[in-house]
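**Student:** One structure, as structure tokens, below. Some questions next.
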Amino acid sequence: MALTLYNSLSHAKEPFRPLRPDAVGMYACGPTVWDFAHIGNARMVVVFDLLYRLLRHSFRTVTYVRNITDVDDKIIDAARRNGEAIDALTKRTADAFHAHMAALGALPPTIEPRATEHIGEMVAMIQALIAKGHAYEAQGHVLFAVQTDTHYGHLSRQTQEGILEGARVEVAPYKRDPADFVLWKPSTGDQPGWDSPWGRGRPGWHIECSAMAERYLGETFDIHGGGRDLIFPHHENEIAQSSCAHGGKPLARTWVHNGFITVRGEKMAKSVGNIVTVNDLLPRYDGETIRLTLLSAQYRQGLDWTDDAVEQAKKSLDRWYRAAGNARPAATVDATFLAALEDDLNTPEAFARLHGLADAALAGDASAAASLKASANLMGVLDKDADAWFRAVPVGTGKDQIEGLIAERTAAKKSKNFAEADRIRKLLLDQGIVLEDAANGTTWRRSS
RNA sequence: GGUCGGGUGGCGGAGUGGCUACGCAGAGGUCUGCAAAACCUCGUACACCGGUUCAAUUCCGGUCCCGACCUCCA
5 MALTLYNSLS HAKEPFRPLR PDAVGMYACG PTVWDFAHIG NARMVVVFDL LYRLLRHSFR
65 TVTYVRNITD VDDKIIDAAR RNGEAIDALT KRTADAFHAH MAALGALPPT IEPRATEHIG
125 EMVAMIQALI AKGHAYEAQG HVLFAVQTDT HYGHLSRQTQ EGILEGARVE VAPYKRDPAD
185 FVLWKPSTGD QPGWDSPWGR GRPGWHIECS AMAERYLGET FDIHGGGRDL IFPHHENEIA
245 QSSCAHGGKP LARTWVHNGF ITVRGEKMAK SVGNIVTVND LLPRYDGETI RLTLLSAQYR
305 QGLDWTDDAV EQAKKSLDRW YRAAGNARPA ATVDATFLAA LEDDLNTPEA FARLHGLADA
365 ALAGDASAAA SLKASANLMG VLDKDADAWF RAVPVGTGKD QIEGLIAERT AAKKSKNFAE
425 ADRIRKLLLD QGIVLEDAAN GTTWRRSS
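For the first sequence, my numbering assigns the number 5 to the initial residue and increments by one for each residue that follows.
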């Protein structure tokens, strides 16, 4: 069984064949570091992390590039609002991003380039586009001339007329064509800027990804991805810039886009006031639980974020941890599970298989337990000891205290003082501790 | 208006031209001093209308809804 991915370019699932047999290059559009990552950002990271892990499972070398956008008008605005220096804001936000994504079990990408460290590459690419007649300078701006790219609109299946009909923004007067977009724009004295052949300025949004992808992955690479909303205009423009700079060569062969998250049925937006950040969730839920929730729907589908969805994910993890116990992961991943993931990352199907393995493991099949662990590990979950999972110490309760109460209760039970035994059970339950009596003694776990 | 995606049982969510997805919740049961966990059993589904077919939730056409994007939002 081999990996199949839905390619946004062809609108079909395709067998994945890398350009080079044993090395894969993948680029995903990373965060603009102006505020905490929300669960939408997190979904993209977790989905591409899963794809990264799956690729590493099958190919010797996988180069995963995920950028950090640290120059952007949203950053300038946020810094001004906060009364904070721009570099302080971007550092603080990038650090938080790293901590939050690590909590979700996302591996660091192979390379994480920052836009501000690649201005030279961007200027060079813009110069190449001007030299080839695909871009022009106007009033301190450099613009990409979409008319010069006959393939423009291919990814989003839009005609240039169609794009313009729905335009919501006033067209700048210096544009030759209303659909032209900015490659470089002038900066005022208080805005971040770099010297360039067109004066002091800063890059437009799209050029950084084209320039950094070229630098680290070459002119054409295997997979490019991001959230669905990036298809237009961001990815469309990246394709235009890169392929025009590279004599028509394609930018990426497979385009992967993840679906959006809604919160209790509504679009997540500042204006609705329902933004859920990873920072908000981590005190309430284990990062692993959040990760599993993000994977509970197939990545191209929408995902509605509700407390109930998170609770369900937690229950699945409880069950898998109970079934896997402290088994050592098997050397190989379960074939049925792998086949589900290789079918365009069908995580719900993969979950079903894990539940099946858990059934077998609970019935006493040790190899199923080992396989469950190895398989779930590939997905980036179930990598703790069961003890660590169930006995993370609740606030205000010490392990010694719990063990002491259990001993008291065991003594009470022995003398048939069930009222006292039940009193202790209740006492601990009120502190979030569930006791489980088994033939070989009493164990405890946290209840939530 | 253009482009794209979707409507599955109480809920979440896969998939398929005929055979139980899976999970959660619910009902009953086994076990248990009581619980928990585990196990067993049970129920309800494929938006609507046509068509193709021996057979459609699955294919085709139409209708109705919902969502995303249409110049910088993952």
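Backbone N, C-alpha and C fix where the C-beta goes; we use that ideal spot for every residue, glycine too.
Could you check what DSSP says for leucine 58 in three-state terms: helix, strand or coil?
**Tutor:** In this structure, leucine 58 counts as helix in the three-state DSSP scheme.
**Student:** Which first and last residues belong to the alpha helix (DSSP H) in which alanine 139 is found?
**Tutor:** Note, alanine 139: premise wrong, no alpha helix (DSSP H); beta strand (DSSP E) at 139-142.
**Student:** Counting only runs of 4+ residues fully inside the segment 363-395, write out the alpha helix (DSSP H) ranges in chain order.
**Tutor:** Runs found: 370-382 and 390-394.
**Student:** Using alpha carbons as the reference points, say which of Gly436, Arg161 and Gly222 lies closest to threonine 67.
**Tutor:** The shortest C-alpha separation from threonine 67 is found at Gly222.
**Student:** I'd like to know if the segment 284-297 and the segment 98-111 are in contact, where contact means that at least 3 CB-CB pairs between them fall below 8 Å.
**Tutor:** The answer is yes - the segment 98-111 touches the segment 284-297, with three or more Cβ pairs under 8 Å.
**Student:** DSSP three-state call for methionine 272: helix, strand or coil?
**Tutor:** Reduced to three states, the DSSP call for methionine 272 is coil.
**Student:** Going by other Cβ atoms of all chains shown within 10 Å of its Cβ, with 16 needed for buried, is tyrosine 56 buried or exposed?
**Tutor:** Buried is the call here.
**Student:** With burial defined as no fewer than 16 other Cβ atoms inside 10 Å of the residue's Cβ, what is the status of asparagine 241: buried or exposed?
**Tutor:** So asparagine 241 ends up on the buried side.
**Student:** Is alanine 32 helix, strand or coil by DSSP?
**Tutor:** Here alanine 32 sits in strand by DSSP.
**Student:** Can you tell me whether tryptophan 259 is helix, strand or coil according to DSSP?
**Tutor:** Correct three-state label for tryptophan 259: strand.
**Student:** Could you pull out every residue in the same chain whose Cβ sits closer than 7 Å to the Cβ of aspartate 181, ignoring the five residues on either side in sequence?
**Tutor:** Only Ala149, Val150 and Gln151 meet the Cβ criterion.
**Student:** Which ranges would you report for the beta strand (DSSP E) in the segment 189-214 if only whole runs of at least 3 residues count?
**Tutor:** Runs found: 205-207.
**Student:** Run through the DSSP bridge pairs and tell me what phenylalanine 185 is partnered with.
**Tutor:** Paired residue(s): Phe148.
**Student:** With distance defined between alpha-carbon atoms, name the residue in Ala313, Asp348 and Leu382 nearest to alanine 335.
**Tutor:** When only C-alpha atoms are compared, the closest one is Leu382.
**Student:** Given a cut-off of 8 Å, decide if alanine 344 and alanine 354 are closer than it, judged by their beta-carbon atoms.
**Tutor:** In contact: alanine 354 and alanine 344 (Cβ atoms closer than 8 Å).
**Student:** Buried or exposed for lysine 377, please, with buried defined as at least 16 other CB atoms from any protein chain shown within 10 angstroms of its CB.
**Tutor:** Buried, because 16 or more other Cβ atoms sit within 10 Å of the Cβ of lysine 377.
**Student:** Spatial neighbours of glutamine 143 within its chain, please: CB distance less than 7 Å, with the 5 preceding and 5 following residues excluded, ordered by chain position.
**Tutor:** Once the five neighbours on either side are set aside, the close Cβ partners of glutamine 143 are Tyr178.
**Student:** Confirm, please, whether the CB-CB distance from aspartate 76 to threonine 120 is below 8 Å.
**Tutor:** Contact flag unset, no.
**Student:** Report the three-state DSSP secondary structure of phenylalanine 2 (helix, strand or coil).
**Tutor:** There is no way to answer for residue 2, as the model of the chain reaches only from 5 to 452.
**Student:** Nearest CA to the CA of glutamine 405: which residue from Ile437, Thr340, Asp311 and Lys420?
**Tutor:** The shortest Cα separation from glutamine 405 among Ile437, Thr340, Asp311 and Lys420 belongs to Ile437.
**Student:** Just the C-alpha distance for tryptophan 393 and alanine 372, rounded to the nearest angstrom, thanks.
**Tutor:** Distance between the alpha carbons of tryptophan 393 and alanine 372 is about 20 Å.
**Student:** Can you tell me which residues form a DSSP beta bridge with valine 267?
**Tutor:** Beta-bridge pairing links valine 267 to Glu270 and Trp309.
**Student:** Comparing C-alpha positions only, which one of Thr446, Lys417, Ala217 and Ser275 sits nearest to methionine 126?
**Tutor:** Residue Ala217 is the option with its Cα nearest to methionine 126.
**Student:** Using the DSSP secondary-structure output, state which residues sit across from valine 66 in a beta bridge.
**Tutor:** Partner(s): Val28.
**Student:** Isoleucine 130: which of Gly87, Asp99 and Trp209 sits nearest, CA to CA?
**Tutor:** For isoleucine 130, the nearest C-alpha among the options comes from Trp209.
**Student:** So threonine 281 and histidine 102 are in contact, right, with Cβ under 8 Å, and what is the actual spacing, rounded?
**Tutor:** About 15 Å; that fails the 8 Å criterion.
**Student:** What residue from Trp309, Val28, Arg206 and Ala370 has the CA that sits closest to glycine 44's CA?
**Tutor:** When each option's Cα is compared against that of glycine 44, the closest is Trp309.
**Student:** Can you give me the C-alpha to C-alpha distance between arginine 323 and glutamine 245, rounded to a whole angstrom?
**Tutor:** Looking at the two C-alpha atoms, the distance is approximately 49 Å.
**Student:** Arginine 232: which of Cys33, Ala176, Gly205 and Leu433 sits nearest, CA to CA?
**Tutor:** Minimum Cα distance to arginine 232 is reached at Cys33.
**Student:** Are the Cβ atoms of leucine 386 and tyrosine 325 separated by less than 8 Å?
**Tutor:** Contact flag set, yes.
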